[in-house]
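Q: Structure below; questions to follow.
In full-length UniProt numbering, the protein residues as written are 1 to 978.
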């Protein structure tokens, strides 16, 4: 028994009615595809609850005449006093209360969408009325009592298949597994399951044997009627479908045949309107003359969707309503489109019944319609197309090049890069066989293939193709041809991805000069080039040049195109990113909020570019310390991207990566680790282990390990990341430098200072060669190297490096950037060690104040600057201020990172040192109680923290013996200068 539907029927027909409208008859509408068990379920209900009703009428609802005849027959059968009643008399009679119980009227198979059933129903509360129908729209009459009888659940299907004497004994796991396989193969459709059960019982074949027969003779088995079954009608699965199909108009039948060539789920109806607006012929990208299949497909599409040669969307509405009327399809709401789906067996049957002479034409029409969906301006519709492109994969090697280009574009834009690559490699191979190497259409295809390699992280293959393409194009077309200029621009973008920024700059400057000369300074393509060049300048550390360039681009776009043009919006967002990098997050926020508002109005809230802009604004909120707000918004971005692109799309993965970083920044380390681990696995499966996105996630996961105190796990993973960065992106890529710096910091935290210095000095030399001495990357390496020298006791050398680093970073980012704050605080620590406390105190105080203002008191940088300021107060003898600040810092860092984190022990040890200086020995020793096992286990007994622990313990012991015995404690300090 199907528990859910049975309980629903019981509730509607037998339980007291609750609500405002209790005057009319109790109504139950049961709808579903032919063969889903509507009639059988209701007949079983009538039999089970016969005593609950004064009388039960079974009424054939197939036509108005049959309904009138059956009502007359049923009423007259109640007694001779009713023998002369007309139909109208019968309706009036049934509308009056019965002296006994209520009456139950079952109108079965009310399938005709043109039948006005309401005029054939009794009124009042005297009857309980149930209607079964294939017309799902009938349920709109009484939506609250509408039962959509869908397919069975797997468990229900297995129970149905295994009913009967042959299975009366305890079922084996094997039998259930085989029955499950049958249920899945039949889409859990009741009539098909009944057929299968009947066949197995009558032929005595096992479930495994039936599966073999189904695989070999599917059409024959599903066309066989169910016989000799008391609880089933003598009808086959396919006969049930045919009954509904035959009632459709010829145009609706043709639509179903067309749709049977796509995947059975989530066909976007907006695609038809989009194709109609392109006259079913205007491909966005055409590489060759169309073949005969295109014109055959176009004729089929026009035959189905045009009436008297004209497109009218209401005709499509009428056809889809007809399909729903017979439950041959259902419609659900998607994002900015309605989605049509069929039951898999209906889908399969319809396709199998297409006349042999018409099959190729329908297939061609399906290809053309899908290819017309490959449009840049309709990403919302296009998100639903990849499953249909993949469904047609058996045709890929026979596709016309124009269709293959369109299919490749759909897959690529939806992040299915491996699948897109199959098509694009095939396209290039085909075109090379018939076109000259310099042909513009071949060059375009090679360019797309290179883009595919780039997105897959196969940068060397991408750049080789693009360099060869550019050379060929220059030889044939000359340097000033639009395609050559565009190819140069794309190659520059790949150079950017590889960290070859000088080469990218050279190409972009050339492109910019050519476009100025050919198109003029105010042409949109010229201004777009400014946008790309601005990105490169930013990567080269020339942030103010980037800012000037982009401010000019924004100004010109506003004058020429207006504030609401997409080009103006995109370049404004790029300018905001530069402001962020310059440490001007408040100005960035103003721009980003303005542009986001425009994008929501113009593109819609769920447009991929709108979500990308929101993601950038969220990063700015993070810079401003609005981390909790950033997390809430980023969680929404991830949710939206999962809805639009799916969980495994690269954009979804990148959004999840940012969310994991936010979790880490607010100390939600376990959540960050769980999310990073999940997306790391997804990225490896979707993009590959060597893809830059996958490597970046691994780097973030190493940071999680580091921040959770698992330094050796972090070291092992980050060593692998650095190797991969060098292999994939090269040793001069900004990300390679960044991860090498992070690895050096881990070496530093582990006390492996000489290894850290060796790594940093090698990176510094390379950074100076690559970016110059005044680049932010160079300055960052200088800062980390300086702090490592500090820990070695080389304080004067450290001061020189930190001062040089701070000068560059302040010039690039300004005083209120987090990088500036960190380096300033580091310099304060060195001045403190050099006993230049009057110089150290203002630097430490300024760093702590700005950090608290920017990112709040719980941010890791604020905790670090607060710790350093407390150390300065301590050394200045301002012990009460030191104690108050460090006690607060200790409470916060324990809450954020936990008690066993190496950064927590660092803060804890300084607090113990302050207690010692305050002569509060017992509190110092009590604080040290839990430190020794953590430090010795996490960092080791040779680590500077452990050595300082011993120094604090010794200082406490020199103050005199205490009655309390404590384990070895450890406090933070610095080694003696060399």
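The beta-carbon is built from N, C-alpha and C at its ideal position, and this holds for glycine as well.
1) Judging by CA-CA distance, which residue of 458, 514 and 456 is the nearest neighbour of residue 484?
2) Name the DSSP bridge partner or partners of residue 128?
3) Quick check on the DSSP output: the beta strand (DSSP E) that includes residue 901 runs from which residue to which?
4) According to DSSP, is residue 146 helix, strand or coil?
5) Quick check on this structure: which residue in 712, 579, 274 and 612 has the alpha carbon closest to the alpha carbon of residue 813?
6) I need the straight-line Cα distance from residue 731 to residue 772, nearest angstrom please.
7) Of all the options 154, 132, 156 and 155, which has the alpha carbon lying nearest to the alpha carbon of residue 145?
8) Where residue 815 and residue 583 are concerned, what is the direct C-alpha to C-alpha distance, given to the nearest angstrom?
9) Can you tell me which of the three DSSP states residue 339 falls into?
10) Within this structure, are the beta carbons of residue 869 and residue 893 separated by less than 8 Å?
11) Quick check: the segment 281-288 against the segment 343-360, are there 3 or more CB pairs under 8 Å?
12) Can you give the Cα-Cα distance for residue 500 and residue 611, rounded to whole angstroms?
13) Run through the DSSP bridge pairs and tell me what residue 311 is partnered with.
14) My understanding is that residue 268 touches residue 381, with C-beta atoms under 8 Å, so please give their C-beta distance in whole angstroms.
15) Do residue 157 and residue 175 count as a contact pair if the criterion is CB distance below 8 Å?
16) Identify, in the order they occur along the chain, each residue of the same chain with its Cβ nearer than 6 Å to the Cβ of residue 291, setting aside the five sequence neighbours on each side.
17) Closer than 8 Å by C-beta to residue 968: which residues in its own chain qualify, once you throw out the five before and the five after it? Chain order, please.
18) Name the residue from 336, 912 and 353 whose alpha carbon lies nearest to the alpha carbon of residue 256.
19) Just reading off the beta strand (DSSP E) that residue 56 is part of, what are its end residues?
20) Output the distance between the C-alpha atoms of residue 625 and residue 878, rounded to the nearest integer angstrom.
21) Which class does residue 824 belong to by DSSP, given the choice of helix, strand or coil?
22) Would you check if the segment 404-414 and the segment 248-266 touch, i.e. whether three or more CB-CB distances between them fall below 8 Å?
23) Would residue 900 and residue 833 be called neighbours here (beta carbons separated by less than 8 Å)?
24) Using CA coordinates, which residue listed in 54, 809, 782 and 12 is at the minimum distance from residue 799?
25) Give me, in chain order, the residues of the same chain whose beta-carbon lies closer than 7 Å to that of residue 319; leave out the 5 immediate sequence neighbours on both sides.
26) Using the rule of at least 16 other Cβ atoms within 10 Å of the residue's Cβ for burial, across every protein chain shown, is residue 544 buried or exposed?
27) Do we get a CB-CB distance below 8 Å when we pair residue 863 with the residues of chain D?
28) Is the CB-CB distance between residue 889 and residue 866 below 8 Å?
29) Report the CB separation of residue 693 from residue 687 in whole angstroms; it is logged as a contact under 8 Å.
30) Would you say residue 902 and residue 749 are within 8 Å of each other, going by their C-beta atoms?
31) Out of 822, 880 and 876, which one is the CA nearest neighbour of residue 854?
32) Using 10 angstroms around the beta-carbon of residue 563, count the other beta-carbons present and answer buried if the total reaches 16, otherwise exposed.
33) Got a sec? Which residues, its chain only, sit under 6 Å from residue 532 by beta carbon, not counting five neighbours each side?
34) Straight-line CA distance for residue 24 to residue 97?
35) Tell me the DSSP bridge mates of residue 333?
36) Which residue wins for smallest C-alpha separation from residue 360, given the options 298, 323 and 389?
A: Here's the rundown:
1) Sequence index remark: in the chain shown, residue 484 carries index 484 (1-based). When each option's Cα is compared against that of residue 484, the closest is 514.
2) Position 128 of the chain shown, counted from the start, is the residue given in the question as residue 128. Beta-bridge pairing links residue 128 to 26 and 104.
3) On the chain shown, position 901 is the one that residue 901 refers to. Note, residue 901: premise wrong, no beta strand (DSSP E); not H, not E.
4) Residue numbering aside, residue 146 sits at position 146 when the chain shown is read from its first letter. In the structure shown, residue 146 sits in a strand (DSSP, three-state: E or B).
5) Walking along the chain shown from the start, residue 813 turns up at place 813. Measuring from the Cα of residue 813, the nearest candidate turns out to be 579.
6) The residue given as residue 731 occupies position 731 in the chain shown. The residue given as residue 772 occupies position 772 in the chain shown. Going from the Cα of residue 731 to the Cα of residue 772 covers about 15 Å.
7) Here the question's residue 145 lines up with position 145 in the chain shown. With distances taken between Cα atoms, residue 145 lies closest to 132.
8) One-based indexing of the chain shown puts residue 815 at position 815. One-based indexing of the chain shown puts residue 583 at position 583. Approximately 8 Å between the Cα atoms of the pair.
9) On the chain shown, position 339 is the one that residue 339 refers to. DSSP places residue 339 in strand when its eight states are reduced to three.
10) Reading the chain shown from its first residue, position 869 is the one you call residue 869. Reading the chain shown from its first residue, position 893 is the one you call residue 893. No. Outside cutoff.
11) no
12) Counted from its first residue, the chain shown places residue 500 at position 500. Counted from its first residue, the chain shown places residue 611 at position 611. Straight-line Cα distance between these residues: approximately 29 Å.
13) Here the question's residue 311 lines up with position 311 in the chain shown. Paired residue(s): 306.
14) The residue you call residue 268 lines up with position 268 of the chain shown. The residue you call residue 381 lines up with position 381 of the chain shown. Right, the Cβ-Cβ distance comes to about 5 Å (below 8 Å), so this counts as a contact.
15) Walking along the chain shown from the start, residue 175 turns up at place 175. Walking along the chain shown from the start, residue 157 turns up at place 157. Not a contact, by the Cβ cut-off of 8 Å.
16) Along the chain shown, read from residue 1 onward, the residue named residue 291 stands at position 291. Here the set comprises 400.
17) Locating residue 968 in the chain shown gives position 968, counting from the first residue. Any reading at residue 968 needs caution, since the residue's pLDDT is 36, under 50, leaving its predicted position unreliable; the model's value is listed next. Excluding sequence neighbours, residue 968 sits near 928, 932, 949, 950 and 953.
18) Mapped onto the chain shown, residue 256 falls at position 256. Residue 353 is the option with its Cα nearest to residue 256.
19) Here residue 56 refers to the residue found at position 56 of the chain shown. Note, residue 56: beta strand (DSSP E), 55-60.
20) As a first step, residue 625 must be located in the chain shown, where it is residue number 625. As a first step, residue 878 must be located in the chain shown, where it is residue number 878. C-alpha separation (whole angstroms): 29 Å.
21) Translated into positions along the chain shown, residue 824 becomes position 824. Three-state result, residue 824: helix.
22) no
23) Locating residue 900 in the chain shown gives position 900, counting from the first residue. Locating residue 833 in the chain shown gives position 833, counting from the first residue. Going by C-beta atoms, residue 900 is not nearer than 8 Å to residue 833.
24) One-based indexing of the chain shown puts residue 799 at position 799. Cα-wise, what sits closest to residue 799 is 782.
25) Residue 319 sits at position 319 when you count from the first residue of the chain shown. Closer than 7 Å at Cβ, skipping near neighbours: 251, 252 and 255.
26) Counting from 1 along the chain shown, the entry for residue 544 is found at position 544. Exposed: under 16 other Cβ atoms inside 10 Å.
27) No chain D appears in this structure, which consists of one protein chain only.
28) On the chain shown, residue 889 is found 889 positions in, with the first residue counted as 1. On the chain shown, residue 866 is found 866 positions in, with the first residue counted as 1. Taking 8 Å as the Cβ cut-off, residue 889 and residue 866 qualify as a contacting pair.
29) Start at 1 with the first residue of the chain shown, and residue 693 comes out as number 693. Start at 1 with the first residue of the chain shown, and residue 687 comes out as number 687. So it is a contact: roughly 6 Å between Cβ atoms.
30) As a first step, residue 902 is located in the chain shown; it is residue number 902 there, counting from the start. As a first step, residue 749 is located in the chain shown; it is residue number 749 there, counting from the start. Yes, Cβ-Cβ distance for residue 902 and residue 749 is below 8 Å.
31) Here residue 854 refers to the residue found at position 854 of the chain shown. Answer by Cα proximity: 822.
32) Walking along the chain shown from the start, residue 563 turns up at place 563. Residue 563 is exposed by the Cβ-count criterion.
33) Within the chain shown, numbered from 1, the residue matching residue 532 stands at position 532. Closer than 6 Å at the Cβ level, and outside the excluded window around residue 532, lie 508.
34) The residue labelled residue 24 in the question sits at position 24 within the chain shown. The residue labelled residue 97 in the question sits at position 97 within the chain shown. Those two C-alpha atoms are separated by around 12 Å.
35) Taking the first residue of the chain shown as 1, we reach residue 333 at position 333. DSSP lists 338 as partners of residue 333.
36) Within the chain shown, the letter at position 360 stands for residue 360. Comparing Cα-Cα distances from residue 360 to each of 298, 323 and 389, the minimum goes to 298.
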